[in-house]
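Chains as they are written, first to last, in the numbering used here: chain A, 81 to 464; chain B, 46 to 174.
C-beta: ideal position from N, C-alpha, C; glycine also.
Predicted model only: the values in this text are computed from it and were never measured.
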Amino acid sequence: MELTREEESALKGEHGETMQMAYRILVATGEATDADKLIPIEWTHLSGVNYNTIGDAGEEFLSSVSKDARVKVQTTLNPMGFDIDNVSNYGLDENFISKQLSIKNSYETMGVTPSFSCIPYEIFDIPKDGTQVAFAESNAAIHANSYDNLKTNKESAFSALASALTGKSPYSSLRKEDTPNITINMKIKNPNELSYGMLGFFAGKVGDTSVNISGLSNMDNRQQKAMCGGMGTSGTCAKFIFGDGDSDCEKIDFDEKELQNVHDELNTAENGDIITLGSPQLGLEEITELTQKLKGRLFKKRCMVFTPRTVKVQMQKLGYTNELERAGCEILSDCCTCLTPLINKDNVDAVTTNSIKGAFYLKNSNKVDVNLKPISQIIEDETK
Amino acid sequence: MNKVLVAGKINGTVLKSKDPINFLGTVDKKTGIISDKNHDLYDKSLKDSILVFPSGVGSSVGAYTIYSIKSNNAAPLAMICQKADLTVATGCALANIPLITISDEEFSSLENGMKILLDTENSNPIAHQ
Chain A
81 MELTREEESA LKGEHGETMQ MAYRILVATG EATDADKLIP IEWTHLSGVN YNTIGDAGEE
141 FLSSVSKDAR VKVQTTLNPM GFDIDNVSNY GLDENFISKQ LSIKNSYETM GVTPSFSCIP
201 YEIFDIPKDG TQVAFAESNA AIHANSYDNL KTNKESAFSA LASALTGKSP YSSLRKEDTP
261 NITINMKIKN PNELSYGMLG FFAGKVGDTS VNISGLSNMD NRQQKAMCGG MGTSGTCAKF
321 IFGDGDSDCE KIDFDEKELQ NVHDELNTAE NGDIITLGSP QLGLEEITEL TQKLKGRLFK
381 KRCMVFTPRT VKVQMQKLGY TNELERAGCE ILSDCCTCLT PLINKDNVDA VTTNSIKGAF
441 YLKNSNKVDV NLKPISQIIE DETK
Chain B
46 MNKVLVAGKI NGTVLKSKDP INFLGTVDKK TGIISDKNHD LYDKSLKDSI LVFPSGVGSS
106 VGAYTIYSIK SNNAAPLAMI CQKADLTVAT GCALANIPLI TISDEEFSSL ENGMKILLDT
166 ENSNPIAHQ
């Protein structure tokens, strides 16, 4: 990879240790992805925020780096572990809370916008077509490439942080062009968001950096998010290209048998003790629809609803918060199902969710069983 | 294809996985033990191995897991992949864990328990002991 004289001097440490580290990460990333140079990016979205995932090593690292590191471009942030407004209801220990607040503080000190959201594409203005960004949240990177006409690779927590501190990213892979060598044909009739989540999970397993996908009917926002979330969980693939692809592409069907395979891998319980909605977080459109569907109904068990803080503020103004709380929902902002410390196998055996992404992490990280159902069936089965 | 992502020189014993590794969620960040029952290396510790695996998969936060297992002295001595992915490359860059990618043939030739010397300065970075 070719570096400018300025970049070389930063890599040698002539601009301080923090910049040296940032460029070391960019160089390792660039070599990994066959980049020939670094290019400017206009927006970074960072992962590595939840104390539950980054632990003491991450907290200490951020505390140290934030002493002199400052972001150079607009930088937004993934969810953290809890919603400070209601954290006292969830029995988190004080150590967790103070470490999480230290992480929050470190990012704010660096100049990061404290959005605590995994759906930046729904709550921030989308820049003009073709803009280079650096998104570390996998569902957001896939959404940005597939639906928002932005360009990003599936960044790691560190490569995105390095891009935030330098305003640069290696010019490689999906930042240039991409021609998938595989086409997935969606064969499931009358799919719901769960089917699309499983399609995404399947696509992530068979795809490399991008996949063609055909046979899709008109998808709503929830189904698009579910597909992006599913794919981000199972592989390295970060872009859907809609269509049949070249004639020499390998063709694979996603049929009832493949759907059943994914279902059997992730669905481990017939029932859940609690319900979670959100992974990715619900945007205002989904919240509005949920409010309408829950009119006159009441959940028979706990239902946690995850949404960004900006949406929580909007839904309060619109009166949706009152209605959802009346229906038995717990509204949580700044956090999400994925890697939540708020669900613990000591008091929960199984969780019902419509999220494939949530299911994967609940099963593998929280070690609880998962019961998968689409939102329509959750409302039918779990409310009165 | 052979690439040096993070340089270094180290002796060690191969721990090989035929499955890719999702560092976030399936690797315990204190012990370096794989907790996914469906994984080739289920219940095995990555500590002090030369970890040979196809590539990393899953959430990008896995880079912090690599940094964490290094901080907890539970990390591999080095990693060797078939394909470089951003999570593993940056996690290794920060944690200063040597990382190379190798050809499919070389990958097939490495077996569990082999003692090797990894030296990224050498044009043949893997020497059998």
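In this structure, A:His125 lies away from A:Pro194, with their beta-carbon atoms at least 8 Å apart. Per DSSP, the beta-bridge partners of A:Pro250 are A:Leu118. Sorting A:Val153, A:Gln180, A:Leu442 by C-alpha distance to the C-alpha of A:Ala240 places A:Val153 at the top. In the DSSP annotation of this structure, the continuous segment of the beta strand (DSSP E) that includes B:Met124 starts and ends at 123-126. Counted as a single uninterrupted DSSP element, the stretch harbouring A:Ser445 is not any beta strand (DSSP E), since DSSP gives it neither H nor E.
Shown here, B:Ala120 sits in coil according to DSSP, grouped into three states, outside any helix or strand.
The continuous stretches of alpha helix (DSSP H) do not include B:Lys61, which lies in the beta strand (DSSP E) extending over residues 54-61. Annotation for A:Tyr441: Cys418, Leu419 place their beta carbon closer than 6 Å to its own, counting only its chain and skipping 5 residues before and after.
With respect to A:Leu245, A:Thr98 sits close: the two C-beta atoms are nearer than 8 Å. The alpha helix (DSSP H) runs of length 4 or more contained entirely in the region 352-399 of chain A are, from start to end of the chain, 364-373, 389-398.
Segment contact: the region 155-167 of chain A against the region 439-454 of chain A, fewer than three CB-CB distances shorter than 8 Å; contact not assigned. Counting along the chain, A:Asn265 sits inside the beta strand (DSSP E) bounded by residues 262-266.
When Cβ-Cβ separations below 8 Å define contact, B:Asp164 makes no contact with chain A.
Rounded to whole angstroms, the separation of the alpha carbons of A:Thr433 and A:Asp344 is 15 Å. Considering only A:Ala242, A:Cys317, A:Lys373, the residue with the shortest C-alpha distance to A:Ile119 is A:Ala242. Restricting attention to A:Gln304, A:Asn292, A:Arg302, the CA atom closest to the CA of A:Gly323 is found in A:Asn292. For A:Cys329, the secondary structure class from DSSP, reduced to helix, strand or coil, is coil. By the Cβ-count criterion, A:Thr84 is exposed, with fewer than 16 other Cβ atoms from all chains shown falling within 10 Å of its own Cβ. DSSP lists B:Ile79 as the beta-bridge partner residues of B:Val72. Residue pairing by DSSP places A:Ser413 opposite A:Thr387 in a beta bridge. In this structure the region 331-350 of chain A does not touch the region 372-379 of chain A; the number of beta carbon pairs closer than 8 Å is below three. Against chain A, a Cβ distance below 7 Å from B:Gly70 picks out Tyr441, Asn444, Ser445. Within the same chain, Ser275, Leu279, Phe334, Asp335, Glu336, Leu339 come within 8 Å of A:Ile268 by CB-CB distance, once the 5 residues on both sides are set aside. Remark: C-beta atoms of A:Asn219 and A:Pro388 do not approach each other more closely than 8 Å. For the C-beta of B:Ser62, not a single chain A residue is nearer than 7 Å; the gap to the nearest is close to 16 Å. For B:Asp164, the pairing in a beta bridge is given by DSSP as B:Lys54.
Looking at the DSSP output, A:Ser294 bridges to A:Asn265.
Closer than 8 Å to the CB of B:Ala172 there is not a single CB belonging to chain A.
Contact with chain B is found for A:Asn233, since one of that chain's Cβ atoms lies less than 8 Å from the residue's Cβ.
DSSP lists A:Phe215 as the beta-bridge partner residues of A:Lys234. Counted as a single uninterrupted DSSP element, the beta strand (DSSP E) harbouring A:Ala430 occupies residues 430-433. Annotation: A:Phe386 has no Cβ neighbours in chain B at a cutoff of 8 Å; minimum Cβ distance is about 16 Å.
Contact of B:Val97 with chain A is not assigned, every C-beta pair being separated by 8 Å or more. When the beta-carbon positions are compared, B:Val102 and B:Leu60 stay at least 8 Å from each other. Residue A:Thr155 holds the alpha-carbon nearest to the alpha-carbon of A:Val192 among A:Asn446, A:Ile203, A:Thr155.
In this chain, the alpha helix (DSSP H) harbouring A:Val145 covers 131-145.
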